[in-house]
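Single-structure report; data block below.
Protein chains: 2
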Amino acid sequence: MPAKFIFTNILGVFVFNENYKLVDGLLFKDLDQFDEKEKHEKQIEEKHGSLEKPSGDDLYKILEFFKDKKYLSELRKKNIALTRVSVKDSVNNDLLIIQTIDAVEELNRTINLLTKRLREWYSLYNPEVSNKVKDHEKFVSSIVQKKKDKLLEELNIDKNDSLGAELKEKDVAAILLLASQINNHYKLRSHYEKYLQELEKETCPNLASILGVTISARLLDHSGSLKRLAEMPASTLQILGAEKALFRHLKNKRNPPPKYGMIHEHPLILNAPRKNHGRIARALADKASIAVRVDYFKGEFMGDKLRKDLEKKIKNLR
Amino acid sequence: MPAKFIFTNILGVFVFNENYKLVDGLLFKDLDQFDEKEKHEKQIEEKHGSLEKPSGDDLYKILEFFKDKKYLSELRKKNIALTRVSVKDSVNNDLLIIQTIDAVEELNRTINLLTKRLREWYSLYNPEVSNKVKDHEKFVSSIVQKKKDKLLEELNIDKNDSLGAELKEKDVAAILLLASQINNHYKLRSHYEKYLQELEKETCPNLASILGVTISARLLDHSGSLKRLAEMPASTLQILGAEKALFRHLKNKRNPPPKYGMIHEHPLILNAPRKNHGRIARALADKASIAVRVDYFKGEFMGDKLRKDLEKKIKNLR
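From first to last, the protein sequence lines are chains A and B. For reference, each letter of the first sequence is one residue, going -19 to 298 in the numbering used here. For reference, each letter of the second sequence is one residue, going -19 to 298 in the numbering used here.
Have a look at this one:
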């Protein structure tokens, strides 16, 4: 009986006659061969003349054929291998950016927790410095670098006026160990910010040039991937991160819809007069939406042009 | 008119006649002289014969005398100096222990946060290790010390079977930086545990030998000072940290009273059969209560004896 059907799966290309008996075939040696299955199918079709792909009942019967133990275990093994490869390949820069920005946020959280603790502890020794230096990062780095007397001198406080206790050297050392640990956190965070910059230069240079490294990463984190972010309309991108306010609005129309989400952190918005925030957010989201699509489809870099347009638009606003 | 009243404040010792006029006096030069005020009062009394301390209306009139500008500003200045000294002196080992245990707890919290983040991130690269090594500390230190291949080998996993992605070197480096930061947290924590041990050896050696360094520090933290802890009855010490359960019980008698608070973490309780937990907690709290009083009144070390008694008692329980 002449060959009728051609059927390809991960094991190989199989040719069946109309009674669903195997008449010819080619077993793939590895996944690379499977990737070139079209080529192999063509070779076989040239040999047998026109063959059809089974469907409906025919397909069902042919699949029965692979229930045979010999094929089934092989099929399972090869499928696992295939899955493994695609799991591996699914790790791309998007995921790395998301993990990195998550780590940065976690570092921010722990820096805050530990610095509050440090301030309380250090205040036993030198309360004046903790009171005067409000900025956490500055506080931590200055007590790591300078001794108590020097710090008091810089603040113009007579060291005899200090309300801090005289601690033993090892007690001070214990406090400063915590401080230098927090200092390392700050260093790590700025390292990650640089690393994010590199990653985004490859993955989403346009988006990063419009929104900045951190906001871009947060948007990616929030949407889950560059693909999903590129598929969003600009209006969604604009309010990403303000879901709570949005649903409050949808539930009860008396609440106004949110005008901006995460992009509100952008300096162009923060530095503008309050009444313009909404309009700038919309303009920003428009450009960002264009940028992320260009990035997703690997278009050329046009971040500078987009940014120039944006700045011109904002200048005309007031 | 003969001298009648003697009155001492931080400025000096003053002698007044019955019309509240100053007849004699001695000004203190510094706070050290004020500390020896009894001696100076005695000298003046010897000179004038018996003098009485003013009270009621007399005291009021004499205080009027110090409303004079000359005294008032001096009084204020010296009082500030005195306060400064007592603020400084109030920093004792109790406070350092409390700050240190607070820092340890904060480190525990941040270690947990950061390790969860690290596991997620590292799983992109090497999910098998994160799945197999459940203990956080072991996980962190092993990925800091060993390369992926080596780790997989130790777990008997063929490295071709790993589902982890092939990351670039700089991507792996970014992950490992977080790991080594967490590793430093662990090191800092164990340093603080040693430091706590030293502090408690001076402050509360008996308590520490009964309850262990960490539980002792937590009790101190919870009660606020060694003094307050020493003043507590053993039954309070027993349930310290279980306030919620206690008040639930007091509000509604159907809820049983708590049998133990923080001391439940003690190995003697944890390793005992459940039915004995309450009784061991009581015995432990009894001994701890004795220990903390000995510590507070700077008695001799008797922790070994107390612990031996305790262990005997517990052995007889079952």
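Think of the CB as a built atom: it goes at the ideal place given N, C-alpha and C, for glycine as much as any other residue. Quantities reported herein were computed from a predicted structural model and do not represent experimental measurements.
According to DSSP, A(-17)/A shares a beta bridge with N(-3)/A. With a threshold of 16 other beta carbon atoms within 10 Å, P238/B meets it and is buried.
The straight-line gap separating the alpha-carbon atoms of H165/A and L168/B is approximately 14 angstroms. Of the residues A(-17)/B, F(-4)/B, E18/B and P(-18)/B, the one whose Cα lies closest to the Cα of I(-10)/B is E18/B. The beta-bridge partner set that DSSP reports for N(-11)/B consists of G(-8)/B. In terms of beta-carbon proximity, R97/B lines the interface with chain A, with at least one pair separated by less than 8 angstroms.
Against chain B, a Cβ distance below 8 angstroms from K68/A picks out L143, G144, A145 and E146. Going by DSSP, D284/B is part of no beta strand (DSSP E) but of the alpha helix (DSSP H) stretching over G283 to K295. For the pair L179/A and M242/A, the CB atoms are not nearer than the 8 angstroms cut-off. In this structure, I162/B keeps its C-beta atom at 8 angstroms or more from the C-beta atom of L87/B. Comparing alpha carbon positions, the residue from W101/B, L135/B, L156/B and L248/B closest to Q125/B is L156/B. According to DSSP, residue pairing for G258/B in a beta bridge does not occur. Look at R64/B: its C-beta is under 8 angstroms from a C-beta on chain A. Short of 6 angstroms from the beta carbon of D4/A, and not among the five residues preceding or following it, lie these beta carbons of its own chain, in chain order: V(-5). Under the 8 angstroms criterion on CB atoms, T90/A is classed as interfacial with respect to chain B.
The count of Cβ pairs closer than 8 angstroms, one atom from the region 179 to 191 of chain B and one from the region 111 to 119 of chain A, stays below three, leaving the stretches out of contact. For D82/B, the residues of chain A that pass the 9 angstroms Cβ criterion are R97, E100 and W101, in the order they occur in the chain.
Counting only Cβ-Cβ distances below 7 angstroms, H202/A has no contacts in chain B at all, with the closest Cβ about 16 angstroms away. Contact with chain A is found for V71/B, since one of that chain's Cβ atoms lies less than 8 angstroms from the residue's Cβ. By the Cβ-count criterion, L76/A is buried, with 16 or more other Cβ atoms from all chains shown falling within 10 Å of its own Cβ. Under the three-state reduction of DSSP, E280/A is assigned to coil, being neither helix nor strand. By the rule that beta-carbons nearer than 8 angstroms mark a contact, A214/B does not touch chain A.
Considering only beta carbons, no part of the region 108 to 124 of chain B lies closer than 8 angstroms to chain A. Here the C-alpha atom of N(-3)/B lies approximately 15 angstroms from the C-alpha atom of L6/B. The shortest C-alpha to C-alpha distance from T(-12)/B to any of F46/B, K233/B, E182/B and K57/B is the one to F46/B. Secondary structure of E32/A (DSSP, three-state): strand. Note on G279/B: under 16 other CB atoms within 10 angstroms of its CB, so exposed under the neighbour-count rule. Any Cβ of chain A closer than 8 angstroms to the Cβ of A(-17)/B would place that residue at the interface, and such an atom is absent. Contact note: Q161/B reaches chain A through L87, Q161, N164, H165 and L168, using a C-beta cutoff of 9 angstroms and chain order.
DSSP links G5/B through a beta bridge to F(-6)/B.
Proximity to A145/A across R89/A, A210/A and N106/A peaks at N106/A, based on C-alpha coordinates. Setting aside the 5 residues that flank it on each side, K207/B is surrounded in the same chain by Y276, each with a C-beta closer than 7 angstroms to its C-beta; the list follows chain order. When secondary structure is reduced to three states using DSSP, K47/B falls in the coil class, being assigned neither helix nor strand.
Of the residues assessed, S53/A falls on the exposed side of the cut-off, its CB having fewer than 16 other CB atoms within 10 angstroms.
Using beta-carbon distances, Q177/B does not count as an interface residue toward chain A, since no partner is under 8 angstroms.
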